[in-house]
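Note sheet for the following structure.
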Amino acid sequence: DLLFCGQSDEEVRKAMTIAKEILINLNFRINDKKQEGPVPVIDFCGMRLSSAGVTPSPSRTVLSEAAIDNALQIFTKGLPFHPKNKKSKRRKLPVREYRTAWLRSWTGVANYMRGWLTPRILAATDILQRALKDFGDHNVEDGDVRLSEHIDRVPSAFREVMGYYMSGVPCMSLYSEADTDHVATILISDGNQHSWSGFVLRVVAQGSDSNDEHPLLLGSPSLNELLGCEKPIAVLPMKIFGGRFSKLESTLSSTTRERMALLLLLEAAKTLLLPPVYSITDNANCTKEWCSFDQLNYGSWHSRYMIFQSYVDGVLWVPRDHPLPSLCDTMARCIEEERQYKHPTTEPAHQADAPKGREGDYNNYHHLHRDSAQEPSSCHSCTAFAATVADPLSSLPVPSLLHRCFTAWKTGTDFPAQCSIPLDPVHARTWLKAAQDSDEHCGKLRALVCRGLSKFRIDENGLLRLRDKYVLPKRYGQSLALHIHHSYGHCGVKQTLNIICRDFFCLHIANS
Numbered sequence: 001d002l003l004f005c006g007q008s009d010e011e012v013r014k015a016m017t018i019a020k021e022i023l024i025n026l027n028f029r030i031n032d033k034k035q036e037g038p039v040p041v042i043d044f045c046g047m048r049l050s051s052a053g054v055t056p057s058p059s060r061t062v063l064s065e066a067a068i069d070n071a072l073q074i075f076t077k078g079l080p081f082h083p084k085n086k087k088s089k090r091r092k093l094p095v096r097e098y099r100t101a102w103l104r105s106w107t108g109v110a111n112y113m114r115g116w117l118t119p120r121i122l123a124a125t126d127i128l129q130r131a132l133k134d135f136g137d138h139n140v141e142d143g144d145v146r147l148s149e150h151i152d153r154v155p156s157a158f159r160e161v162m163g164y165y166m167s168g169v170p171c172m173s174l175y176s177e178a179d180t181d182h183v184a185t186i187l188i189s190d191g192n193q194h195s196w197s198g199f200v201l202r203v204v205a206q207g208s209d210s211n212d213e214h215p216l217l218l219g220s221p222s223l224n225e226l227l228g229c230e231k232p233i234a235v236l237p238m239k240i241f242g243g244r245f246s247k248l249e250s251t252l253s254s255t256t257r258e259r260m261a262l263l264l265l266l267e268a269a270k271t272l273l274l275p276p277v278y279s280i281t282d283n284a285n286c287t288k289e290w291c292s293f294d295q296l297n298y299g300s301w302h303s304r305y306m307i308f309q310s311y312v313d314g315v316l317w318v319p320r321d322h323p324l325p326s327l328c329d330t331m332a333r334c335i336e337e338e339r340q341y342k343h344p345t346t347e348p349a350h351q352a353d354a355p356k357g358r359e360g361d362y363n364n365y366h367h368l369h370r371d372s373a374q375e376p377s378s379c380h381s382c383t384a385f386a387a388t389v390a391d392p393l394s395s396l397p398v399p400s401l402l403h404r405c406f407t408a409w410k411t412g413t414d415f416p417a418q419c420s421i422p423l424d425p426v427h428a429r430t431w432l433k434a435a436q437d438s439d440e441h442c443g444k445l446r447a448l449v450c451r452g453l454s455k456f457r458i459d460e461n462g463l464l465r466l467r468d469k470y471v472l473p474k475r476y477g478q479s480l481a482l483h484i485h486h487s488y489g490h491c492g493v494k495q496t497l498n499i500i501c502r503d504f505f506c507l508h509i510a511n512s
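Just so it is clear: in the sequence shown, position 440 is 440 by full-length UniProt numbering, and no numbers are missing.
Okay, structure coming up:
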C-alpha cells in the first residue's frame with residue numbers, strides 16, 4: 001500500500017499518476033479498484049491521518065482491561081475469532097484455525113509497537129511470534145506437545161505486552177505536532193563495559209497554559225537552558241535502542257565506548273531525526289573534537305562517523321546525576337546482566353566426583369563458567385566433550401577458539417596479552433584431531449592421502465589439512481557460518497565464506 005499526501009486534491013492526483021507510470025514501467029500490477037481518495041481524512045495502518053496531524057484510528061482508541069481479558073478468553077477457550085478487516089463469509093473452522101487467526105492479529109499489534117518496546121517486553125512478544133509460527137505450520141500436528149506449551153505460555157506473555165501498552169509508555173502518536181512547534185531532536189546514549197543503550201526524544205513547544213513539568217526536564221541544566229528555548233517544552237519518546245558490545249569492543253576505553261554507543265544509535269535512528277539534532281552525554285570527552293577516533297575509522301564505523309558528521313549539530317554535556325543520562329545508563333545495565341556460560345561435559349563414572357554407575361559408563365552433566373571471557377580451551381572437560389557430540393559448536397564458541405588459537409600459533413603474536421583470553425593451541429589441535437577422527441568423510445580423505453591420491457595432506461600433528469588450511473567436518477559448517485556471520489557484524493554470504501576459507505577448509509561449507 002502506498003500513501004500519498006499533498007496540499008490539494010490536484011497535487012495528490014498528479015503524484016499518484018506519476019507513481020503509477022513508474023510502477024508500470026517496473027512491471028508492477030496496480031489494482032485501481034482498491035484506490036481510495038483523495039480524501040481529507042484517511043485511516044492507514046491503525047492511524048488516522050488528516051491535515052491536523054496523526055492520531056490513533058477511532059476504532060482503536062479504547063483498549064481496556066476488560067477488552068484484554070475478553071481477548072485472552074477467546075484464545076484459551078478456542079472460541080471463534082474473525083479479524084475485523086476480513087470481509088469473507090464466516091464459516092465454522094477448527095479451533096486451531098481460530099487460535100492461529102487470533103495470534104496473527106495480536107502479534108501484528110505487538111510488532112507494530114516493536115520499536116518502542118523494552119527488552120523484557122520484546123521477549124514476551126517473541127513468545128507470541130513463536131506460537132504463531134508453530135500454530136501456522138501445517139507440519140506441526142494438532143497433538144504436538146509444542147502447541148500445548150504455547151497455550152500455557154501465551155496468556156502470561158500477552159498480559160505482559162498489553163500491560164505495557166496500557167501503562168502509556170509507548171508513544172503511539174508520533175509527529176502529531178505541527179512543524180512550527182518542533183524545537184529539536186535529542187539523542188541520549190550511554191555505553192558501559194559490555195553493553196550500550198540509547199533513545200531518541202523529540203522536543204516540541206507547548207502552549208503557555210501548560211504548567212506540568214516532566215521529571216526528565218527537572219535536571220540542572222534544564223533542557224530549556226541547553227537548547228536556548230524560552231517557551232515551555234515537552235518531550236516525546238521516539239524510539240528505544242540498545243545492544244551488547246563484542247569482546248574486542250569491551251576492551252576499549254570508556255570514552256571510545258561512549259562514542260561507539262552514539263554512532264550505533266545514530267545509524268539505527270537516522271530516519272527519525274528532524275534538525276536540529278543534539279546529543280546529550282555525561283562524558284566530557286565526547287563533547288571535544290574526536291581526534292583519537294582513528295582506531296575505529298574504518299569499515300562500518302567510518303560510515304557511522306560520516307552520519308555523525310552529517311546529522312549532529314552539537315554534543316551537549318550534563319552532569320552524571322542528570323535524569324537523562326541516568327535513565328539511559330540504567331537501561332544499558334539491564335542489558336548487561338550477568339550470564340552463566342554452560343558447557344556440557346562428559347566424565348568417566350568411576351571418578352570420585354562423578355555420579356555413581358557402572359565402571360566405564362559415561363554420565364552427561366553440566367558445569368558452569370561464570371566468567372564470560374573464559375574459553376573452553378582452558379577447561380579440560382570442554383575439550384574432552386567436544387569430539388563426543390554431533391555439534392559441540394551449539395554450546396561451545398569453538399570457531400572463535402580455533403581462529404584465535406591458530407592465528408596466534410601461525411603468526412607468533414602475543415594474542416593472550418592483547419585480549420586477556422587464555423589460549424592453548426595444543427588443546428585446540430587436540431580437539432580438531434578428535435573431530436576429524438570421528439568423521440567418516442575425513443577418514444576417507446586420510447585413506448586417500450596415505451595412498452598418495454589426494455591433494456590434502458597430514459601435518460606433523462596428525463591434522464588433515466589442505467595447504468595451510470585446517471579441515472573441519474561437514475557437521476560444523478552451519479554453526480561455524482552462523483558464528484562468523486554474527487561476529488563480523490552480520491556480514492554477507494560472500495564475506496562470511498571468505499573469512500572461513502582464510503583459515504579453514506570446511507567440507508561442503510557452501511551448502512551450510
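Don't be surprised by glycine CBs; every beta carbon is placed ideally from N, CA and C. Bear in mind that the values here come from a model prediction, so they are computed numbers and not experimental data.
For residue i, three-class secondary structure by DSSP
i	result
residue 473	coil
residue 503	helix
residue 400	Reliability fails at residue 400, whose pLDDT of 49 lies under 50, so the model's placement of it is uncertain and the value that follows must be treated cautiously. Three-state DSSP puts residue 400 in a helix.
residue 315	strand
residue 453	coil
residue 79	coil
residue 464	strand
residue 236	strand
residue 458	strand
residue 114	helix
residue 251	coil
residue 119	helix
residue 286	helix
residue 441	helix
residue 133	helix
residue 426	helix
residue 70	helix
8 Å Cβ cutoff met for residue i and residue j
i	j	result
residue 200	residue 238	yes
residue 269	residue 196	no
residue 263	residue 317	no
residue 44	residue 3	yes
residue 474	residue 427	no
residue 456	residue 463	no
residue 227	residue 203	yes
residue 93	residue 128	no
residue 190	residue 286	no
residue 22	residue 30	no
residue 508	residue 496	no
residue 107	residue 117	no
residue 304	residue 249	no
Identity of the residue in the options nearest residue i by Cα
i	options	result
residue 477	505, 15, 468	505
residue 235	197, 181, 241, 158	181
residue 132	467, 151, 324	151
residue 15	26, 29, 37, 28	37
residue 135	123, 125, 124, 148	148
residue 233	241, 223, 242	223
residue 78	495, 256, 227, 155	155
residue 429	451, 458, 13, 246	458
residue 330	259, 242, 247	242
residue 32	19, 165, 484, 124	19
residue 254	246, 192, 265, 307	192
residue 185	124, 12, 280	280
residue 469	130, 40, 500, 194	500
residue 257	146, 283, 322, 80	283
residue 433	454, 249, 460	460
residue 159	120, 142, 275, 146	120
residue 67	48, 165, 467	165
residue 40	65, 315, 34, 11	11
residue 531	145, 259, 332, 324	With the chain represented from 1 up to 512, any question about residue 531 goes unanswered, as that position is not in the structure.
residue 503	246, 6, 153, 471	471
DSSP beta-bridge partners of residue i
i	result
residue 182	204
residue 277	185
residue 197	190, 242
Min CB distance residue i to chain B below 8 Å
i	result
residue 48	Looking at the structure shown, chain B is missing, and only one protein chain is on hand.
Residue i CB to nearest heavy atom of the ligand ATP below 7 Å
i	result
residue 189	Although the ligand ATP was asked about, the structure shown includes no ligands whatsoever.
Task: Touch test, the stretch 64-78 against the stretch 94-107, Cβ-Cβ under 8 Å, three pairs minimum - done: Counting Cβ pairs under 8 Å, three or more are found: they touch.
TODO: Check whether the stretch 480-500 touches the stretch 443-459, taking contact to mean three or more Cβ pairs, one atom from each stretch, closer than 8 Å.
DONE: Of all C-beta pairs linking the stretch 480-500 to the stretch 443-459, fewer than three are shorter than 8 Å, placing the two stretches out of contact.
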